[in-house]
Amino acid sequence: MIETLLIANRGEIACRIIRTARRLGIRTVAVYSDADADALHVTLADEAVRIGAAPARDSYLRMDAILDAAARTGAQAIHPGYGFLSENAGFAEACAAADLIFVGPPASAIRAMGGKSEAKALMETAGVPLVPGYHGEEQNSGVLAAEAARIGFPVLIKASAGGGGKGMKVATSAEDFHEQLASAKREAQAAFGNDRVLIEKYLGRPRHVEIQVFADSHGNCVYLFERDCSIQRRHQKVVEEAPAPNLPLDLRQEMGAAAVAAAKAIGYVGAGTVEFLLDPVETGGDGRFYFMEMNTRLQVEHPVTEYITGQDLVEWQLRVAAGGALPLSQNELAVNGHAIEVRLYAEDPDKGFLPQTGTLSHLRFPETGSHVRVDTGVRQGDAISIHYDPMIAKLIVWDVDRPAAVRRLRQALAETEVGGLSANIPFLAAIAGHPGFLAADLDTRFIERHQADLLPPPAAPAGDVLALAALGVLLERKAETVAAAARTKDPWSPWATGDSWRLNDAVPEVLAFATSHEGGEPQEVRACRRRDGGFDITLPTGEELTGHARFEPDNAHGGHRLVAEVGGRRLTAGWSRRGRELDLFRPGRHHRLTLIDPLDVGMVDAGGGGRLVAPMPGKVIAVLVATGDRVEKGQALVVLEAMKMEHTIKAQGPGTVESVRYAIGDQVPDGAELIIVTGDEA
Numbered sequence: 035m036i037e038t039l040l041i042a043n044r045g046e047i048a049c050r051i052i053r054t055a056r057r058l059g060i061r062t063v064a065v066y067s068d069a070d071a072d073a074l075h076v077t078l079a080d081e082a083v084r085i086g087a088a089p090a091r092d093s094y095l096r097m098d099a100i101l102d103a104a105a106r107t108g109a110q111a112i113h114p115g116y117g118f119l120s121e122n123a124g125f126a127e128a129c130a131a132a133d134l135i136f137v138g139p140p141a142s143a144i145r146a147m148g149g150k151s152e153a154k155a156l157m158e159t160a161g162v163p164l165v166p167g168y169h170g171e172e173q174n175s176g177v178l179a180a181e182a183a184r185i186g187f188p189v190l191i192k193a194s195a196g197g198g199g200k201g202m203k204v205a206t207s208a209e210d211f212h213e214q215l216a217s218a219k220r221e222a223q224a225a226f227g228n229d230r231v232l233i234e235k236y237l238g239r240p241r242h243v244e245i246q247v248f249a250d251s252h253g254n255c256v257y258l259f260e261r262d263c264s265i266q267r268r269h270q271k272v273v274e275e276a277p278a279p280n281l282p283l284d285l286r287q288e289m290g291a292a293a294v295a296a297a298k299a300i301g302y303v304g305a306g307t308v309e310f311l312l313d314p315v316e317t318g319g320d321g322r323f324y325f326m327e328m329n330t331r332l333q334v335e336h337p338v339t340e341y342i343t344g345q346d347l348v349e350w351q352l353r354v355a356a357g358g359a360l361p362l363s364q365n366e367l368a369v370n371g372h373a374i375e376v377r378l379y380a381e382d383p384d385k386g387f388l389p390q391t392g393t394l395s396h397l398r399f400p401e402t403g404s405h406v407r408v409d410t411g412v413r414q415g416d417a418i419s420i421h422y423d424p425m426i427a428k429l430i431v432w433d434v435d436r437p438a439a440v441r442r443l444r445q446a447l448a449e450t451e452v453g454g455l456s457a458n459i460p461f462l463a464a465i466a467g468h469p470g471f472l473a474a475d476l477d478t479r480f481i482e483r484h485q486a487d488l489l490p491p492p493a494a495p496a497g498d499v500l501a502l503a504a505l506g507v508l509l510e511r512k513a514e515t516v517a518a519a520a521r522t523k524d525p526w527s528p529w530a531t532g533d534s535w536r537l538n539d540a541v542p543e544v545l546a547f548a549t550s551h552e553g554g555e556p557q558e559v560r561a562c563r564r565r566d567g568g569f570d571i572t573l574p575t576g577e578e579l580t581g582h583a584r585f586e587p588d589n590a591h592g593g594h595r596l597v598a599e600v601g602g603r604r605l606t607a608g609w610s611r612r613g614r615e616l617d618l619f620r621p622g623r624h625h626r627l628t629l630i631d632p633l634d635v636g637m638v639d640a641g642g643g644g645r646l647v648a649p650m651p652g653k654v655i656a657v658l659v660a661t662g663d664r665v666e667k668g669q670a671l672v673v674l675e676a677m678k679m680e681h682t683i684k685a686q687g688p689g690t691v692e693s694v695r696y697a698i699g700d701q702v703p704d705g706a707e708l709i710i711v712t713g714d715e716a
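Using my numbering, the letters of the sequence shown map in sequence onto residues 35 to 716.
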């Protein structure tokens with residue numbers, strides 16, 4: 035067995051591998067960039083080695099630094115996790131040349147499946163069904179356009195070397211094709227260093243069903259059933275579950291056999307996933323499944339397979355890499371219950387899922403056990419940076435059947451709290467509670483079909499939220515005042531209390547909160563202190579309530595929670611405040627409020643409807659207008675690359691371009707003014 039394992043990755047997957055290695059008595063070595071010096075995976079490992087600067091190209095993609103770290107620490111094996119170098123055939127070969135075990139398939143298998151076009155040609159030879167398309171070498175735009183016309187619109191343009199939805203675009207017509215092709219090639223080049231693409235028929239309402247395969251070096255190969263990953267956004271998986279709902283046993287067996295055939299065709303060893311598109315008859319399809327691609331690594335969503343099979347796939351990986359045989363044969367594997375995973379991201383669904391950066395000032399996960407699992411690589415106080423994927427955690431639930439698992443998921447999401455930046459919890463909760471999801475009416479355009487339900491316009495906070503926010507702020511102010519008074523020579527002086535007071539009278543305190551509500555005015559709450567320690571509260575609607583509140587310690591998760599009696603109701607909320615920024619958590623809802631200081635003119639909205647700013651740090655990769663150009667509302671003006679994805683900055687209304695501040699290739703900071711548009715006069 036392996037004695038010392040170096041993990042060439044970061045975040046939750048590094049932490050997850052460390053847990054299994056520790057259980058098996060394997061010593062672990064972490065690697066880290068400057069941005070990850072204090073990261074959780076560094077803390078958990080037995081030893082850690084710095085490998086470079088924050089950008090991945092200067093650290094986690096540096097083969098030489100990783101191999102040197104292995105040599106210096108006496109590691110016999112390297113586990114690449116997923117992403118970074120996990121599907122790099124050259125890295126697998128370099129490990130072999132350094133007499134290191136690469137915990138993954140042979141370089142030849144990675145290379146065979148590394149290009150989508152070559153992989154499809156191999157699968158066609160092996161008899162695995164393919165989606166109609168063009169997978170050839172010719173990359174001339176005219177040839178690709180002609181092939182798209184032959185296949186028939188709409189078509190899917192996919193980066194041949196890609197994955198994770200990067201370099202993937204849909205062209206709905208010949209007129210749309212060249213713009214989408216250019217965008218796909220730019221993303222592919224930026225993410226993978228290779229702009230080659232393939233073209234496929236865009237199926238109407240397919241399901242994404244993938245098969246987990248496992249092979250050893252003794253000729254054994256099995257499939258550990260399937261996962262349904264149909265719920266996606268921009269071709270990135272959002273929800274994964276196992277087994278796939280409503281999949282007939284004979285179809286499962288047929289897909290499993292095809293996946294095993296695919297693995298055997300390339301001499302596969304280790305964990306892999308064969309991904310298929312299933313075209314269901316129920317939604318107008320032909321009922322067939324088609325090979326899409328093979329991922330030659332451990333998948334992000336592997337925990338749902340572990341839950342339903344009772345197997346630790348990382349343990350399987352380590353045993354097979356050390357030369358062992360598969361622990362179980364096909365007839366010894368069985369499905370038990372149902373598991374669902376959701377990916378918790380630092381992103382703002384109300385702003386087009388814009389990735390978020392910043393400090394996790396508050397982080398609370400549900401209690402874990404036999405029914406709930408949380409895989410994460412961050413702790414409260416850690417930062418989500420611009421350099422890596424903004425995933426916070428994977429939330430995985432299990433129960434005896436799908437309806438019970440869905441109930442577990444909804445409860446787990448309601449108990450999850452992320453403060454300091456926006457996260458996609460409300461969006462995930464909306465999916466988990468949607469009738470279409472409950473009925474397992476799944477396809478890859480689920481989010482698109484139900485967008486109005488899943489992404490409603492932001493609403494002004496309810497009265498109870500505003501009352502809780504006001505009570506929490508007043509409680510903190512009182513505590514700060516008492517502490518300050520205790521430090522004075524006369525702590526009982528009325529001048530030391532800091533309260534708004536008059537002799538024989540009570541003076542209301544007015545607290546104004548800005549919210550993310552689109553176009554919403556600041557919400558004012560008036561609170562007048564009562565002799566019993568409570569408050570008479572007047573909400574923006576004019577409703578009057580009586581409220582009492584206190585903070586209670588949250589011993590299980592750290593920090594404290596706000597407990598209040600408001601208008602005859604007992605309410606509990608998670609609480610996190612940093613200066614004027616306030617995060618309030620009610621079951622399944624996260625409310626971000628800003629306490630307005632009326633004396634701070636800088637907090638007044640300056641309008642700026644014609645000023646378009648960078649939503650996050652990034653690189654300008656396209657400028658689509660010039661000074662003096664006329665633009666219309668919604669017109670694309672600038673394309674920014676951040677976190678390996680393209681973000682298009684669009685005109686907020688009709689007008690004329692007054693100034694373009696940055697050029698292609700420029701790096702821009704968060705909030706940088708990119709372009710100024712002079713709006714038309716009303």
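Ideal Cβ placement from N, Cα and C applies to all residues, glycine included. Because the structure is a prediction, the values reported are computed rather than measured.
Rounded separation between VAL711 and GLU381 - CA only
Residue mapping note: residue 711 aligns to position 677 of the sequence shown, counting from 1. Residue mapping note: residue 381 aligns to position 347 of the sequence shown, counting from 1. Answer to the nearest angstrom: the Cα atoms are 27 Å apart.
Residue interval of the beta strand (DSSP E) (run including CYS562)
Position 528 of the sequence shown holds residue 562. Element bounds for CYS562: 557-563.
Output the distance between the C-alpha atoms of MET637 and GLY613, rounded to the nearest integer angstrom.
In the sequence shown, counting from the first residue as 1, residue 637 sits at position 603. In the sequence shown, counting from the first residue as 1, residue 613 sits at position 579. In this prediction, MET637 scores a pLDDT of 41, lower than 50, which makes its location untrustworthy; the coordinate-derived value is nonetheless stated afterwards. Between MET637 and GLY613, the C-alpha separation is close to 13 Å.
Does ASP15 pass the burial test, meaning 16 or more other C-beta atoms within 10 Å, or should it be called exposed?
Here the chain has residues from 35 to 716 only, and residue 15 is not among them.
What do you get for PRO337, buried or exposed, if any count of 16 or more other CB atoms within 10 angstroms of its CB means buried?
Stepping through the sequence shown from its first residue, residue 337 is reached at position 303. With 16 or more other Cβ atoms within 10 Å, it is buried.
Cβ contact check for the stretch 103-110 and the stretch 81-93: 3 or more pairs under 8 Å
yes
In this structure, does DSSP put THR54 in helix, strand or coil?
Working through the sequence shown from its first residue, we reach residue 54 at position 20. Annotated three-state conformation of THR54 is helix, per DSSP.
Under 8 Å between C-beta atoms of THR339 and GLN246
For the purposes of this step, residue 339 is taken as residue 305 along the sequence shown, with counting starting at 1. For the purposes of this step, residue 246 is taken as residue 212 along the sequence shown, with counting starting at 1. Yes, these two residues count as a Cβ contact at 8 Å.
Alpha-carbon spacing of TYR66 relative to GLY148, whole angstroms
If you number the sequence shown from 1, residue 66 lands on position 32. If you number the sequence shown from 1, residue 148 lands on position 114. Straight across, the Cα-Cα distance linking TYR66 with GLY148 is about 26 Å.
Residue span of the alpha helix (DSSP H) that contains GLN351, given as start and end
Locating residue 351 in the sequence shown gives position 317, where the first residue counts as 1. Counting along the chain, the alpha helix (DSSP H) containing GLN351 begins and ends at 347-355.
From GLU234 to GLU401, what distance separates their C-alpha atoms?
The residue you call residue 234 lines up with position 200 of the sequence shown. The residue you call residue 401 lines up with position 367 of the sequence shown. Answer to the nearest angstrom: the Cα atoms are 44 Å apart.
As an exercise, report each continuous alpha helix (DSSP H) stretch of at least 4 residues that is fully enclosed by the stretch 170-235, in chain order.
175-185 and 208-226
For GLY161 and LEU447, I'd like the C-alpha separation in whole angstroms.
Against the sequence shown, residue 161 aligns to sequence position 127. Against the sequence shown, residue 447 aligns to sequence position 413. Rounded to the nearest angstrom, the two C-alpha atoms are 42 Å apart.
Given a cut-off of 8 Å, decide if LEU232 and SER207 are closer than it, judged by their beta-carbon atoms.
Taking the sequence shown and counting its residues from 1, the one referred to as residue 207 is at position 173. Taking the sequence shown and counting its residues from 1, the one referred to as residue 232 is at position 198. Against a cut-off of 8 Å, the Cβ pair of LEU232 and SER207 comes out as no contact.
If you draw a straight line from the C-alpha of ILE430 to the C-alpha of ILE300, how long is it?
Here the question's residue 430 lines up with position 396 in the sequence shown. Here the question's residue 300 lines up with position 266 in the sequence shown. Pairing ILE430 with ILE300, the inter-Cα distance amounts to about 32 Å.
Should LEU674 and VAL665 be called a contact, given that it needs their Cβ atoms to be closer than 8 Å?
Your numbering for residue 674 matches position 640 in the sequence shown. Your numbering for residue 665 matches position 631 in the sequence shown. Cβ distance not < 8 Å, so LEU674 and VAL665 don't count as in contact.
Under 8 Å: do the stretch 541-549 and the stretch 559-571 share three or more Cβ pairs, one atom per stretch?
yes
Relative to the C-alpha of THR580, which candidate in THR522, LEU509 and LEU505 has its C-alpha closest?
As a position in the sequence shown, residue 580 is number 546, starting the count at 1. Ranking THR522, LEU509 and LEU505 by Cα distance to THR580 puts LEU505 first.
HIS242 and CYS263 closer than 8 Å at C-beta:
Counting from 1 along the sequence shown, the entry for residue 242 is found at position 208. Counting from 1 along the sequence shown, the entry for residue 263 is found at position 229. The answer is yes: Cβ separation under 8 Å.
Between which residues of its own chain and TYR94 is the CB-CB distance below 6 Å, once the five residues before and five after are set aside?
If you number the sequence shown from 1, residue 94 lands on position 60. Cβ within range, chain order: PHE118.
Rounded separation between ASP210 and VAL177 - CA only:
By one-based count along the sequence shown, residue 210 stands at place 176. By one-based count along the sequence shown, residue 177 stands at place 143. Answer to the nearest angstrom: the Cα atoms are 15 Å apart.
Quick one: what's got a C-beta closer than 6 Å to ALA88's C-beta in the same chain, skipping five residues either side?
Residue numbering aside, residue 88 sits at position 54 when the sequence shown is read from its first letter. Here the set comprises SER67, ASP68, ALA69 and HIS421.
Measure the Cβ-Cβ separation of HIS113 and ILE51 and say whether it is below 8 Å.
Numbered from 1 along the sequence shown, position 79 holds the residue referred to as residue 113. Numbered from 1 along the sequence shown, position 17 holds the residue referred to as residue 51. The answer is yes: Cβ separation under 8 Å.
In chain order, what residues of the same chain have a beta carbon less than 6 Å from the beta carbon of GLY642, not counting five sequence neighbours either side?
By one-based count along the sequence shown, residue 642 stands at place 608. Legend: pLDDT at GLY642 = 35, less than 50; position of this residue unreliable, value from coordinates given subsequently. Here the set comprises nothing.
How many whole angstroms separate the CB atoms of HIS47 and LEU352, which I take to be in contact at a CB cut-off of 8 Å?
Counting from one through the sequence shown, the residue named residue 47 turns up at place 13. Counting from one through the sequence shown, the residue named residue 352 turns up at place 318. It should be noted that the sequence gives Ile, not His, for residue 47. With 8 Å as the limit, ILE47 and LEU352 do not qualify as a contact, their Cβ atoms being about 14 Å apart.
So the candidates are PRO574, HIS582, PRO314 and GLU577; which of them puts its Cα closest to the Cα of GLY567?
Counted from its first residue, the sequence shown places residue 567 at position 533. The shortest C-alpha separation from GLY567 is found at HIS582.
Counting C-beta neighbours from all protein chains within 10 Å, is the total for ILE265 16 or more, i.e. buried, or is it exposed?
For the purposes of this step, residue 265 is taken as residue 231 along the sequence shown, with counting starting at 1. Per the 10 Å Cβ criterion, buried.
What does a CB cutoff of less than 7 Å around ASP346 pick up in its chain, not counting 5 residues either side in sequence?
Reading the sequence shown from its first residue, position 312 is the one you call residue 346. Counting only Cβ-Cβ distances below 7 Å, and skipping sequence neighbours, we find THR54 and GLU340.
For ALA517, count the other beta carbons within 10 Å of its own beta carbon; 16 or more makes it buried, fewer makes it exposed. Which is it?
Translated into the one-based positions of the sequence shown, residue 517 becomes position 483. So ALA517 ends up on the exposed side.
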